Amino acid sequence: MKKETASFRLPALKVLCPVMLLAGFFLFSCRDRKEEQSSYAEDRALIEDLQARYMFALDNDDLGTYVSTFTEDGILDIGEGEWQGRETIKQVLTSIPEEEAPAADSGLHNPTGRHNISNIALKIEGDTAWGRAYWFHMSNDNPQRKAQLNSYGHYEDVMVKVDGQWLFSKRKIYNEEIGKWAAPEGNPCW
Amino acid sequence: MKKETASFRLPALKVLCPVMLLAGFFLFSCRDRKEEQSSYAEDRALIEDLQARYMFALDNDDLGTYVSTFTEDGILDIGEGEWQGRETIKQVLTSIPEEEAPAADSGLHNPTGRHNISNIALKIEGDTAWGRAYWFHMSNDNPQRKAQLNSYGHYEDVMVKVDGQWLFSKRKIYNEEIGKWAAPEGNPCW
Amino acid sequence: MKKETASFRLPALKVLCPVMLLAGFFLFSCRDRKEEQSSYAEDRALIEDLQARYMFALDNDDLGTYVSTFTEDGILDIGEGEWQGRETIKQVLTSIPEEEAPAADSGLHNPTGRHNISNIALKIEGDTAWGRAYWFHMSNDNPQRKAQLNSYGHYEDVMVKVDGQWLFSKRKIYNEEIGKWAAPEGNPCW
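Those protein sequences? They're chains A, B and C, same order as listed. Residue numbers for the first sequence follow the numbering used here, beginning at 1 and rising by one. Residue numbers for the second sequence follow the numbering used here, beginning at 1001 and rising by one. Residue numbers for the third sequence follow the numbering used here, beginning at 2001 and rising by one.
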């Protein structure tokens, strides 16, 4: 009886050891795949989505959604120093006077403005991402409501993943229309 | 002999049980990774590709490819009501008169027009996706063949995955150049 | 003693066989997932990043980074024939005279130019990818530093994955501003 028990246990140990090793290998192998190979796409996809929702909120006066794309203590810097925190950003943006609406009797529909993002470069390490991207703005405040480019520049972003959601922890905006907001020379990307 | 057989079988069972448990865990773990973690990126990648191919087909008069980006009963709405089904969409678009080609003796190469998409926001649940995105159009029908913006607007899309392929089930186009096609106020995104 | 050894070894073999089969299945299953299901998103994400870094390098006179987006024997063709190899591309691009800088006494910040990419369509098979995409260029060399579109066209790319990094093995550029660089009729995409 004793011997039989031993013959049960020992093979179990001898076999479980390589099983465990194999198990560890597969677990590592899968995890490796996820973290090193699959996650860049997953994180990038979520960040691209964040970048798009930011633009929709910005151009459609949805300030609540706009500031929610930042972390609670996130920083926005358009070249006038750092505005930190959702409340501060909201207050500063609210205080910027909007362009005059067209005269009501123009007979035309309201003009609009649109910010677009392109050329998104992203470096991602764990829950932090560094981004560079171009932006350009168009509007149609003319009698033909033709789209017209106004300005462009680039973003230098830091983003963090909070509870599975990517948010801006810092967005620095360069604008090539205004001298003091224009980027210094040199490639800001890598 | 009998006892030996038993001592073969019992360890096998005792060892295979944890092996099976581990196996189940890894299988679940991998599957979980695929379905819950990787799929947003995968679906988004395929939808971005769809959006690009749609534009190439549209701008290059490839109407067959264009309508094949819709489901068989897909809906296109440019602000003139819903056109449903690939055949209907094809017929309506064919009936729209093209802009005049330049005089043959202008000595210039043919002008072209290009639709671009940007700021793609996507919500995806299973085989259905809801999209918001900006579009803008440029052309070069001038003596310098300089690119000129003409118009812009946004898309509100519903897409479905059919046999592994994402297709438009409904595309509603807003165009800020034309009053009756312009979007109502408010953020159309989330 | 001899018998006991046998009773250790045989179960080990009998159990390890299914373990190995299971192991193989999981390994294959995970790999399969990676290569067939997750890789389009992953490869596309890396290629989009490559496309963005290419633009930053191009517009910021970072020629070293620019040519490093090509394979060692990569080909660039802007419509003047094929320039092959990083060194050749560098030499040719260096020899193109830059546009005049504005007079130093203009009081304005330096004007800039920006290439943007959009509508990226990608077919990927293993370590090779075929791309089609739109590009458009804007600059602000005017007294208001307003963004102005200048030209647009499309890319026809072949990319290869070398040591885990996607690089251009061939980029053919079409430019709708210049007759001899304009694309022939027909949809260049699929």
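Note that CB positions come from ideal geometry on N, CA and C, so glycine has one too. Since the structure is predicted, the reported quantities are computational estimates derived from the model, not experimental observations.
| Query | Result |
| --- | --- |
| Output, in sequence order along the chain, the residues in the region 1117-1131 of chain B whose CB is closer than 7 Å to any CB in chain C. | I1117 and S1118 |
| Taking CB distances under 8 Å as the criterion, tell me whether A:W190 reaches chain C. | yes |
| Check whether chain A comes within 8 Å of B:S1151, counting only Cβ atoms and requiring the distance to be less than that. | yes |
| List, in chain order, every chain B residue whose beta-carbon is nearer than 7 Å to that of A:N195. | The structure shown does not extend to residue 195 of chain A, since chain A is modelled only from 1 to 190, so the question has no answer here. |
| What does B:N1175 pair with, by DSSP beta-bridge criteria? | B:G1153 |
| Find the nearest neighbour of A:V158 within the set A:W130, A:P97, A:L46 and A:K123, judged by alpha-carbon distance. | A:W130 |
| From which residue to which residue does the alpha helix (DSSP H) around C:R2044 run? | S2039 to D2059 |
| Just to make sure I have the definition right: I need the residues of chain A whose C-beta is within less than 8 Å of the C-beta of B:N1187. Which are they? | F56, A57, N60, D61, D62 and T65 |
| In three-state DSSP terms, what is A:K90? | helix |
| Within 10 angstroms of the Cβ of B:I1089, are there 16 or more other Cβ atoms? Answer buried if so, exposed if not. | buried |
| Where B:R1171 and C:L2108 are concerned, what is the direct C-alpha to C-alpha distance, given to the nearest angstrom? | 44 Å |
| Step through the CB atoms of chain A and report whether any lies within less than 8 Å of the CB of C:T2005. | Confidence at C:T2005 is low in this model, with a pLDDT of 48, below 50, so its placement is unreliable and the value that follows should be read with caution. So, not an interface residue. |
| Thinking just about the alpha-carbon of each residue, which of C:R2114, C:A2057 and C:R2044 is nearest to the one in A:N175? | C:R2114 |
| Does DSSP put C:K2170 in a helix, a strand or coil? | strand |
| For A:L108, which three-state DSSP category applies? | coil |
| Under the rule that 16 or more other beta-carbon atoms within 10 Å means buried, what is A:K34, buried or exposed? | Its pLDDT being 41, under 50, A:K34 is placed unreliably by the model, and the measurement read from it follows with that caveat. Answer is buried; the Cβ neighbour count reaches 16. |
| Just to confirm, are A:M138 and B:N1119 a CB contact at a threshold of 8 Å? | no |
| Using DSSP's beta-bridge definition, name the partner residues of B:L1076. | B:W1083 and B:R1171 |
| Relative to the C-alpha of C:S2151, which residue among B:G1064, B:R1145, B:E1156 and B:E1087 is closest? | B:R1145 |
| Provide the residue span of the alpha helix (DSSP H) that contains B:T1069, from first to last. | From DSSP, B:T1069 is part of no alpha helix (DSSP H); its letter is neither H nor E. |
| Could you check the C-alpha separation between A:N116 and C:L2058 for me, to the nearest Å? | 20 Å |
| Under 8 Å between C-beta atoms, does C:F2168 make it to chain B? | no |
| Hey, how far is the Cα of B:S1039 from the Cα of A:E42? | 8 Å |
| B:K1146 by DSSP, collapsed to three states: which one? | coil |
| In whole angstroms, what separates the C-alpha of B:A1183 from that of C:F2136? | 26 Å |
| For a cutoff of 8 Å on Cβ pairs, would you count A:R114 as touching chain B? | yes |
| To the nearest whole angstrom, what separates the beta carbons of C:F2070 and C:L2167, a pair I think is in contact under 8 Å? | 6 Å |
| Name, please, each residue of chain C whose Cβ falls closer than 8 Å to the Cβ of B:K1146. | L2149, N2150, S2151 and E2177 |
| For C:L2108, return the contacting residues in chain A, with the cut-off set at a CB-CB distance below 9 Å. | G179 |
| By DSSP, does A:W181 sit in helix, in strand, or in coil? | helix |
| What does B:Y1134 reach in chain F if we use C-beta pairs closer than 9 Å? | Of the protein chains in this structure, namely A, B and C, none is chain F. |
| Is the CB-CB distance between B:R1086 and B:E1072 below 8 Å? | yes |
| Do you know how far the Cα of B:I1124 is from the Cα of A:I75? | 29 Å |
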